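**Student:**
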Amino acid sequence: SDHMENIYGYLMKYTNLVTGWQYRFFVLNNDAGLLEYFVNEQSRHLKPRGTLQLAGAVISPSDEDSHTFTVNAASGEQYKLRATDAKERQHWVSRLQICTQHHTEAIGKNNPPLKSRSFSLASQGSANSPGVQRRPSQNAVSFFNVGHHRLPAGKRVPIMQPDHLVDVREMMSQAEGQQRDLIRSIECLPVSGHLTSLDQDLLMLKATSMATMNCLNDCFHILQLQHASQQKGSLPAGTTISWLEPKISLSNHFKNGAAQNFPAEINKPASVREEQSIAEPCELTREPEEINPDEELEDICDDKEDDLGAVEEQRSVILHLLSQLKLGMDLTRVVLPTFILEKRSLLEMYADFMSHPDLFIAITNGTTPEERMIRFVEYYLTSFHEGRKGAIAKKPYNPIIGETFHCSWRMPKSDVVADAGGNFPAHSHSEQVNLSKDVEGQAELDYYTVKFVAEQVSHHPPVSGFYAECVERKMCVNAHVWTKSKFLGMSIGVTMVGEGILSLLEHGEEYTFSLPCAYARSILTVPWVELGGKVNINCAKTGYSASINFHTKPFYGGKLHRVTGEVKQNATNTVVCRVQGEWNSVLEFTYSNGETKYVDLTKLTVTRKRVRPLEKQGPFESRRLWQHVTESLRDGDIDKATEHKRALEEQQRNEERLRAETETPWCTKYFLKDGDGWVYHKPLWKTVSAGQTQQTDTN
13 SDHMENIYGY LMKYTNLVTG WQYRFFVLNN DAGLLEYFVN EQSRHLKPRG
63 TLQLAGAVIS PSDEDSHTFT VNAASGEQYK LRATDAKERQ HWVSRLQICT
113 QHHTEAIGKN NPPLKSRSFS LASQGSANSP GVQRRPSQNA VSFFNVGHHR
163 LPAGKRVPIM QPDHLVDVRE MMSQAEGQQR DLIRSIECLP VSGHLTSLDQ
213 DLLMLKATSM ATMNCLNDCF HILQLQHASQ QKGSLPAGTT ISWLEPKISL
263 SNHFKNGAAQ NFPAEINKPA SVREEQSIAE PCELTREPEE INPDEELEDI
313 CDDKEDDLGA VEEQRSVILH LLSQLKLGMD LTRVVLPTFI LEKRSLLEMY
363 ADFMSHPDLF IAITNGTTPE ERMIRFVEYY LTSFHEGRKG AIAKKPYNPI
413 IGETFHCSWR MPKSDVVADA GGNFPAHSHS EQVNLSKDVE GQAELDYYTV
463 KFVAEQVSHH PPVSGFYAEC VERKMCVNAH VWTKSKFLGM SIGVTMVGEG
513 ILSLLEHGEE YTFSLPCAYA RSILTVPWVE LGGKVNINCA KTGYSASINF
563 HTKPFYGGKL HRVTGEVKQN ATNTVVCRVQ GEWNSVLEFT YSNGETKYVD
613 LTKLTVTRKR VRPLEKQGPF ESRRLWQHVT ESLRDGDIDK ATEHKRALEE
663 QQRNEERLRA ETETPWCTKY FLKDGDGWVY HKPLWKTVSA GQTQQTDTN
């Protein structure tokens, strides 16, 4: 009560994508339990521009910076606010939380629980029946009677005995059945009319009831472990209390909140599905297509992604999705709403990581192993900004199995020679002559060509293979990536499982590397992306390695998108280069000789990729395959984009079902299974080795 004073002052309030942040004068009315705001302090005597009831609200500091916080009212309305600094935010958050707790407890005291009764939906009839007609003052939640059980006054809760766990399990089974009935009742409602299955209150009820049952199941799991520990004296060594698997199956598709069921094959045992989906591929029977780079034209497509902004207009879709999820759940089989999609496939996103081919080619120009490792780290860290299109929280299309993407880049040799060095020594005249030599038998060109091909080699699990090469410089990179996504509450985490190998054939060196994790944060407000995790780069031949840390933002303070790293010689444990900065802004490289170089990623020249026109592309090439979805997204027609996307996914499921019934393994086109990884069918190291062998035989 000592802290229950009224406070007021200016805060920034996020309105929408167009208006953005605006200063508003806020007043915390503790007596009434209200948060009010006005245009400015002078208009305080007028009617508030907005008011939130704080009883039952949730006050949450944001994880995107140290100034922002959100006020989520029980009604579903939300204010996203920003203070001038962390101290002022903490002042507002603590006062709001105290006020919220006070008024929430007051409501509980003044409104005793209802008598126990089962979940039931108001009787349904014709549109004119009293059960269907909805009074303006009647919200959706009032159609449901949620059972409450209250102990008699003065009766203490007895200590849980072991055999009582059976009773608890039985009660929970009954509650789960009632919760399923509730979900079915909501989903049976029409999609239009006075009370629909898309009503935001009903969607919130689905989400909260699902979350409640999940929490109860987790608590019961903990009770079981405690019971086991009491019998054995202690918990078994290595025992962990983890999230349980969901007991209610996910819906496969979402369109504006409507759900459809999975095909029957989804309900097969996981081991059977996985065995069918990742069976050993047969030898390549689909003939690989040799793409002529001369047929490719400079890409004129400039699909800059608009920020999602606040997602209020899509809130019902997201709430419906969240009602089906739980912490730690694998999202591989969950089809996310269409409005969050980028206008490109994941395979093309991997290609966009190569948007600085001058830095890629420059790696092999390093005169020493140390230079080449540092140049690779420089190229690696500059690739994410363009590959991720900045920090916009949108998701590329999930590739269809068998989908491919081809492109190339042309880089003038003079640009590579002049600009590749940075702080490194300039090349001598003899080196420049050597760099200008082309493949034997070809006319000399004034540019290098970097060719890229990617293929979706597996659907479950979703694995992509991609390969890039520069024949003139005898260098190539081969990688395979399995994307594993998980629901983390207010975030979605994507782990990039796999490995890449850069081969510098002129030097006989191989560099192994991995990719960081990606996180979509604040998925209910203004989504944004950050990278996180530790990445290692190693060259076994030279003994040089690099350790790179992508730092996620801490709860309080700290910068966004921070990255640090160091390059060292393993034999002597000597650090030869350190790097720090932001992966989407400015990077600072400090070398062992004391020199420092700054790289502003926002000013780096992006070389446009070259892609064949749609009419020359095959039916499974990314842009042609997804062209109708992309066109609909450009036009802003989300429903049409969803229909086209659904048709592609349904076709993929039908073909997968047919292969399973006929026990026909999937045959890849460009990549072959090699142990746990995937390798391009015609890598440059095989071509070069064959050429050298042939030349030796001729001599």
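Every letter in the sequence shown is one number past the one before it in the working numbering, and letter 127, counting from 1, is 139.
In this text, a Cβ means the ideal position worked out from N, Cα and C, and glycines have one as well.
Note that the structure is predicted; figures quoted are calculated from it, not measured.
1) Report yes if the CB atom of Pro473 is closer than 9 Å to the CB atom of Asn410, and no otherwise.
2) Under a Cβ-count criterion, where at least 16 other Cβ atoms within 10 Å of its own Cβ denotes burial, should Thr461 be classed as buried or exposed?
3) Starting from the C-beta of Ser604, find all residues in its chain whose C-beta is less than 6 Å away, skip the five residues before and the five after it, and write them out in chain order.
4) Under a three-way DSSP split, which group does Ile312 fall into?
5) Ignore the nearest five residues each way along the sequence and tell me which others in His563's own chain have a CB closer than 6 Å to its CB.
6) Any idea what DSSP makes of Trp33, helix, strand or coil?
7) Taking only runs of the beta strand (DSSP E) that begin and end inside the region 466 to 524, which ones reach a length of at least 3 residues, in chain order?
8) Apart from the five residues just before and just after Tyr531, which ones in its own chain have a Cβ nearer than 8 Å to its Cβ?
9) How big is the Cα-Cα spacing for Thr699 and Gly648?
10) Grab me the residues of Glu522's own chain with a C-beta within less than 6 Å of its C-beta, minus the 5 sequence neighbours each way, in chain order.
11) Suppose contacts are defined by Cβ-Cβ distances below 9 Å. Is Ala552 in contact with Lys580 by that definition?
12) Does the contact criterion of 3 or more C-beta pairs under 8 Å hold for the region 630 to 637 versus the region 419 to 430?
13) Rounded to the nearest angstrom, what separates Leu215 and Thr576 at their Cα positions?
14) Can you tell me the Cα-Cα spacing of Phe37 and Tyr20, whole angstroms?
15) Would the region 55 to 63 and the region 71 to 87 be scored as touching if the rule is three or more Cβ pairs under 8 Å?
16) In three-state DSSP terms, what is Lys407?
17) When burial is assigned at 16 or more other CB atoms within 10 Å of the CB, is Gln34 buried or exposed?
18) Whole angstroms are fine: how far does the CA of Ala86 sit from the CA of Asp211?
19) My assumption, with CB atoms under 8 Å, is that His397 sits in contact with Leu613. Please give the rounded CB distance.
20) Is it buried or exposed for Asp206, if we count other Cβ within 10 angstroms and need 16 for buried?
21) Taking C-beta to C-beta, are Ile413 and Gln629 nearer than 9 Å?
22) Can you grab the Cα-Cα spacing for the pair Ile195 / Lys218, in whole Å?
23) Closer than 8 Å by C-beta to Arg533: which residues in its own chain qualify, once you throw out the five before and the five after it? Chain order, please.
24) To which residues does DSSP link Asn550 through a beta bridge?
25) Which stretch, first to last residue, makes up the alpha helix (DSSP H) that contains Met361?
26) For Gln454, name the three-state secondary structure that DSSP assigns.
27) Output needed for Arg620: all residues of its chain with C-beta closer than 6 Å, excluding positions within five of it in sequence on either side, in chain order.
28) To which residues of the same chain is Phe478 closer than 6 Å at the C-beta, ignoring the five residues directly before and after it?
29) Who are the Cβ neighbours of Thr27 in its own chain at under 7 Å, not counting the five residues just before and after it?
30) Work out the CA separation of Cys488 and Val623 for me, nearest whole Å.
31) Return helix, strand or coil for Tyr12, following the three-state DSSP convention.
32) Under the DSSP definition of a beta bridge, which residues are partnered with Ala532?
33) Helix, strand or coil for Cys419 per DSSP?
34) Distance check for Thr495 and Thr220, CA to CA, integer angstroms please.
35) For Leu108 and Tyr91, which I take to be in contact (beta-carbon distance under 8 Å), what is that distance rounded to the nearest angstrom?
**Tutor:** For this structure:
1) The residue given as residue 473 occupies position 461 in the sequence shown. The residue given as residue 410 occupies position 398 in the sequence shown. No, these two residues do not count as a Cβ contact at 9 Å.
2) The residue you call residue 461 lines up with position 449 of the sequence shown. Thr461 sits buried, since 16 or more C-beta atoms from the chains shown fall within 10 Å of its C-beta.
3) What you label residue 604 is simply residue 592 of the sequence shown in a count that begins at 1. For Ser604, same chain residues with a beta-carbon under 6 Å away, outside a window of 5 residues either side, are Val588 in chain order.
4) Walking along the sequence shown from the start, residue 312 turns up at place 300. Looking at Ile312 - three-state DSSP - the assignment turns out to be coil, as it is neither helix nor strand.
5) Residue mapping note: residue 563 aligns to position 551 of the sequence shown, counting from 1. Excluding the 5 residues flanking it on each side, His563 has same chain C-beta neighbours closer than 6 Å at Arg574, in chain order.
6) For the purposes of this step, residue 33 is taken as the residue at position 21 of the sequence shown. Under the three-state reduction of DSSP, Trp33 is assigned to strand.
7) 475 to 482, 487 to 499 and 504 to 516
8) As a position in the sequence shown, residue 531 is number 519, starting the count at 1. Cβ within range, chain order: Leu500, Ser503, Ile504, Gly505, Val506, Val541, Glu542, Leu543, Gly544 and Thr564.
9) What you label residue 699 is simply residue 687 of the sequence shown in a count that begins at 1. What you label residue 648 is simply residue 636 of the sequence shown in a count that begins at 1. The alpha-carbon atoms of Thr699 and Gly648 are separated by roughly 46 Å.
10) As a position in the sequence shown, residue 522 is number 510, starting the count at 1. For Glu522, where only same-chain residues beyond five positions count, the Cβ hits under 6 Å are Ile513 and Ser515.
11) On the sequence shown, residue 552 is found 540 positions in, with the first residue counted as 1. On the sequence shown, residue 580 is found 568 positions in, with the first residue counted as 1. No. Outside cutoff.
12) Between the region 630 to 637 and the region 419 to 430, the count of Cβ pairs shorter than 8 Å is below three; the stretches do not touch.
13) In the sequence shown, residue 215 corresponds to position 203, counting from 1. In the sequence shown, residue 576 corresponds to position 564, counting from 1. The C-alpha of Leu215 lies about 43 Å from the C-alpha of Thr576.
14) Walking along the sequence shown from the start, residue 37 turns up at place 25. Walking along the sequence shown from the start, residue 20 turns up at place 8. Taking the straight line joining both Cα atoms gives about 7 Å.
15) no
16) Counted from its first residue, the sequence shown places residue 407 at position 395. Here Lys407 sits in strand by DSSP.
17) For the purposes of this step, residue 34 is taken as residue 22 along the sequence shown, with counting starting at 1. With fewer than 16 Cβ atoms within 10 Å of its Cβ, Gln34 is classed as exposed.
18) For the purposes of this step, residue 211 is identified with residue 199 of the sequence shown, where counting begins at 1. For the purposes of this step, residue 86 is identified with residue 74 of the sequence shown, where counting begins at 1. One C-alpha to the other measures close to 15 Å.
19) Numbered from 1 along the sequence shown, position 385 holds the residue referred to as residue 397. Numbered from 1 along the sequence shown, position 601 holds the residue referred to as residue 613. Taking a contact as a CB-CB distance under 8 Å, the pair His397 and Leu613 counts as one, their CB atoms being some 4 Å apart.
20) As a first step, residue 206 must be located in the sequence shown, where it is residue number 194. Looking at the sequence itself, residue 206 is His, so the reference to Asp does not match. With fewer than 16 Cβ atoms within 10 Å of its Cβ, His206 is classed as exposed.
21) As a first step, residue 413 is located in the sequence shown; it is residue number 401 there, counting from the start. As a first step, residue 629 is located in the sequence shown; it is residue number 617 there, counting from the start. In this structure, the beta-carbon distance from Ile413 to Gln629 does not fall below 9 Å.
22) Here residue 195 refers to the residue found at position 183 of the sequence shown. Here residue 218 refers to the residue found at position 206 of the sequence shown. If I take the Cα positions, the gap works out to 6 Å.
23) Start at 1 with the first residue of the sequence shown, and residue 533 comes out as number 521. Answer for Arg533: Asp75, Glu76, Ala405, Met502, Ser503, Pro539, Trp540, Val541 and Glu542, listed in chain order.
24) On the sequence shown, residue 550 is found 538 positions in, with the first residue counted as 1. Looking at the DSSP assignment, Asn550 forms a beta bridge with Thr524 and Ser557.
25) As a working note, residue 361 is residue 349 in the sequence shown. That run of the alpha helix (DSSP H) goes Leu358 to Asp364.
26) As a first step, residue 454 must be located in the sequence shown, where it is residue number 442. With a pLDDT of 45 at Gln454, under the threshold of 50, the predicted position of this residue should be treated as unreliable, and no value is reported.
27) On the sequence shown, position 608 is the one that residue 620 refers to. Same-chain partners within the cutoff: Glu310 and Asp311.
28) Position 466 of the sequence shown holds residue 478. Tyr362, Ala466 and Ala491, listed in sequence order.
29) As a position in the sequence shown, residue 27 is number 15, starting the count at 1. Gln34.
30) For this step, residue 623 is matched to residue 611 along the sequence shown. For this step, residue 488 is matched to residue 476 along the sequence shown. Those two C-alpha atoms are separated by around 19 Å.
31) Any question about residue 12 goes unanswered here, given that the chain covers just 13 to 711.
32) Counting from one through the sequence shown, the residue named residue 532 turns up at place 520. Per DSSP, Ile504 and Val541.
33) Translated into the one-based positions of the sequence shown, residue 419 becomes position 407. Three-state result, Cys419: strand.
34) What you label residue 220 is simply residue 208 of the sequence shown in a count that begins at 1. What you label residue 495 is simply residue 483 of the sequence shown in a count that begins at 1. Using only the alpha carbons, I get a separation of about 29 Å.
35) Taking the sequence shown and counting its residues from 1, the one referred to as residue 108 is at position 96. Taking the sequence shown and counting its residues from 1, the one referred to as residue 91 is at position 79. No, Leu108 and Tyr91 are not in contact; Cβ-Cβ is about 10 Å, not under 8 Å.
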